[in-house]
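Engineer: The structure is given below, and queries will be raised subsequently.
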Amino acid sequence: MRTFACACGNTLYFENTRCLACGRGVGFLPDVRRLSAFEIEASGTLRALADGRRYRRCRNQSDYEVCNWLVPAEDTQEYCASCRLNRFIPSLDDPQNLTLWYRIEGAKRRLLYSLYALGLPVTGRDKDPARGLAFEFLADPLAGEDEFVNEAAPRHRVMTGHRTGVITINIMEAEDSVRERIRVQMNERYRTLLGHFRHESGHYYWDRLIVGTQRVEGFRALFGDERVDYAEAMRRYYAAGPPPGWWQFWISAYASMHPWEDWAETWAHYLHMVDTLETAHDFESSIGGRSLSSVAAVGTLAASAYGAFGSFDALMEDWGRLSVALNALNRSMGLPDAYPFAVAGGALEKLRYVHTVIHAGCEGGRT
285 MRTFACACGN
295 TLYFENTRCL
305 ACGRGVGFLP
315 DVRRLSAFEI
325 EASGTLRALA
335 DGRRYRRCRN
345 QSDYEVCNWL
355 VPAEDTQEYC
365 ASCRLNRFIP
375 SLDDPQNLTL
385 WYRIEGAKRR
395 LLYSLYALGL
405 PVTGRDKDPA
415 RGLAFEFLAD
425 PLAGEDEFVN
435 EAAPRHRVMT
445 GHRTGVITIN
455 IMEAEDSVRE
465 RIRVQMNERY
475 RTLLGHFRHE
485 SGHYYWDRLI
495 VGTQRVEGFR
505 ALFGDERVDY
515 AEAMRRYYAA
525 GPPPGWWQFW
535 ISAYASMHPW
545 EDWAETWAHY
555 LHMVDTLETA
565 HDFESSIGGR
575 SLSSVAAVGT
585 LAASAYGAFG
595 SFDALMEDWG
605 RLSVALNALN
615 RSMGLPDAYP
625 FAVAGGALEK
635 LRYVHTVIHA
645 GCEGGRT
């Protein structure tokens, strides 16, 4: 994620709604992927100072102050490109849910920024009602609300996951204490709200970029046959855990459960890498006397220094140097490693595969 500049020269960050230096309102322009200050015209429309075009606020900003993306004035939609992907939001009768929803929207917009930067297709339900991308942010039912609850049966839980283009997030994943408790209980090294979005988007893009294409055989050669019974694989994983020496073949223990989860975990890690490298590049970071490159700074993966197949090695070299530095900095602050993973062997080749698939996808390829 890069930083942006206000018309007054002050630094702006992706979540900002106002410049703290000059006081101008600011909003994100998804069509050009820029955060811009704006002037309010007599008609009430907003003139973006970054490109001179006219916009208006997303309805979720006007009504709830949970969004900072703008809608082009000529667009007939009330909601921005991000919010119009929502199918369900949590009940706002509970004031806590507004706070959780705000955090969820922030993570979702960071995901979308990365997808746009990589040139990947983002098709909503309005364009593809059967398989388009959509989001549901749901809460577990309260005691007494679930008609099937009784003493012998636990009440229904909202499961974070993906199904035919719909990404569902249990809103309690936005509550830090709850998410950390789950992470410890499940013996996970890493669990974040943004990580959930990246992982579930991997399932979505498996459907978009792998299913029904010539890439399936290459996928199976690396990740395994996804046709094996998922329920049985899940039962086996939670009963026995990952196989010994799993780190030689998978990016995480959870990735060893099933080829679908292996792909989604690897996809999420790829997004972790390119987004963090963009941030480091934006702050003009260099390690060992060499500057770090970026994908999104130049528009798409295809145009970046990492675009060609062979340049995956350059990406991994940059990531290796940066992740070691990040972990060392965290340890200096008494914090856990920022990137508690080791990429080697089979996991490295799977990341290379994701890189080539994204590279083809951002060029519009579907072979």
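If you count the sequence shown from 1, position 306 lands on 590 in my numbering, and the numbers rise without skipping. No residue lacks a Cβ here, since even glycine has one placed at the ideal position from N, Cα and C.
Suppose contacts are defined by Cβ-Cβ distances below 9 Å. Is Tyr400 in contact with Arg317 by that definition?
Structural biologist: Taking the C-beta atoms as reference points, Arg317 is found nearer than 9 Å to Tyr400.
Engineer: Straight-line CA distance for Leu585 to Asp377?
Structural biologist: Confidence at Leu585 is low in this model, with a pLDDT of 46, below 50, so its placement is unreliable and the value that follows should be read with caution. Whole-angstrom Cα-Cα distance: 42 Å.
Engineer: At the level of alpha carbons, what is the spacing between Leu304 and Phe322?
Structural biologist: 14 Å
Engineer: Is Asn352 helix, strand or coil when you go by DSSP?
Structural biologist: Coil.
Engineer: Might you give, ordered along the chain, the residues of its own chain that have their beta carbon closer than 6 Å to the beta carbon of His639, omitting 5 neighbours on each side?
Structural biologist: Once the five neighbours on either side are set aside, the close Cβ partners of His639 are Phe596.
Engineer: Look up Leu632 in the DSSP assignment and say whether it is helix, strand or coil.
Structural biologist: helix
Engineer: Following the continuous beta strand (DSSP E) through Arg338, name the residue where it begins and the one where it ends.
Structural biologist: 338–341
Engineer: Let me check understanding here. Comparing Cα to Cα, which of Asp559, Ala524, His542 lies closest to Asp513?
Structural biologist: Proximity to Asp513 across Asp559, Ala524, His542 peaks at His542, based on C-alpha coordinates.
Engineer: Decide if Asn434 is buried, meaning its Cβ has at least 16 other Cβ atoms within 10 Å, or exposed.
Structural biologist: Because Asn434 sits at a pLDDT of 39, beneath the cut-off of 50, its placement in the model cannot be relied upon, and the following sentence gives the value as read from the coordinates. Asn434 is exposed by the Cβ-count criterion.
Engineer: Please report the straight-line C-alpha distance between Met557 and Ser327, rounded to a whole angstrom.
Structural biologist: Rounded to whole angstroms, Met557 to Ser327 spans 43 Å at the Cα level.
Engineer: Using DSSP with H/G/I as helix, E/B as strand and the rest coil, what is Val500?
Structural biologist: Helix.
Engineer: Below 8 Å on the Cβ atoms is my guess for Leu313 versus Tyr339; work out the distance and round it to an integer in Å.
Structural biologist: 7 Å
Engineer: What three-state label does DSSP hand Phe625 in the structure shown?
Structural biologist: DSSP places Phe625 in coil when its eight states are reduced to three.
Engineer: Do the CB positions of Gly416 and Gly408 come within less than 9 Å of each other?
Structural biologist: yes
Engineer: Take His480 as the anchor and find which of Ala357, Ala598, Trp551, Arg286 has the nearest alpha-carbon.
Structural biologist: Trp551
Engineer: Under three-state DSSP, which class holds Arg331?
Structural biologist: strand
Engineer: For the segment 624–632 against the segment 525–538, are there 3 or more C-beta pairs whose distance is under 8 Å?
Structural biologist: The segment 624–632 makes contact with the segment 525–538, as at least three CB pairs between them are under 8 Å.
Engineer: For His643 and Ala548, which I take to be in contact (beta-carbon distance under 8 Å), what is that distance rounded to the nearest angstrom?
Structural biologist: About 19 Å separates the two Cβ atoms, so there is no contact after all.
Engineer: Closer than 6 Å by C-beta to Tyr363: which residues in its own chain qualify, once you throw out the five before and the five after it? Chain order, please.
Structural biologist: Cys342, Arg343
Engineer: Closer than 8 Å by C-beta to Leu478: which residues in its own chain qualify, once you throw out the five before and the five after it? Chain order, please.
Structural biologist: In the same chain as Leu478, and ignoring 5 residues on each side of it, the C-beta atoms closer than 8 Å to its own belong to Ala391, Arg394, Leu395, in chain order.
Engineer: Could you tell me the distance, in whole angstroms, from the CA atom of Arg286 to the CA atom of Asp546?
Structural biologist: 29 Å
Engineer: Run through DSSP, which three-state label would Ala321 get?
Structural biologist: The answer is strand: DSSP assigns Ala321 an E or B state.
Engineer: Buried or exposed: Gly613, going by 16 or more other Cβ atoms within 10 Å of its Cβ?
Structural biologist: Note on identity: in this sequence residue 613 is Leu, with Gly being the wrong assignment. Counting Cβ neighbours within 10 Å, Leu613 comes out exposed, since fewer than 16 surround it.
Engineer: Using a 10 Å radius around the Cβ and a threshold of 16 neighbouring Cβ atoms, would you call Gly449 buried or exposed?
Structural biologist: buried
Engineer: Whole beta strand (DSSP E) runs in the segment 450–535 with 3 or more residues, listed along the chain?
Structural biologist: 450–454
Engineer: Check whether the Cβ atoms of Arg482 and Arg475 lie closer than 9 Å to each other.
Structural biologist: no
Engineer: Spatial neighbours of Asn300 within its chain, please: C-beta separation below 6 Å, excluding the five flanking residues on both sides.
Structural biologist: Val310
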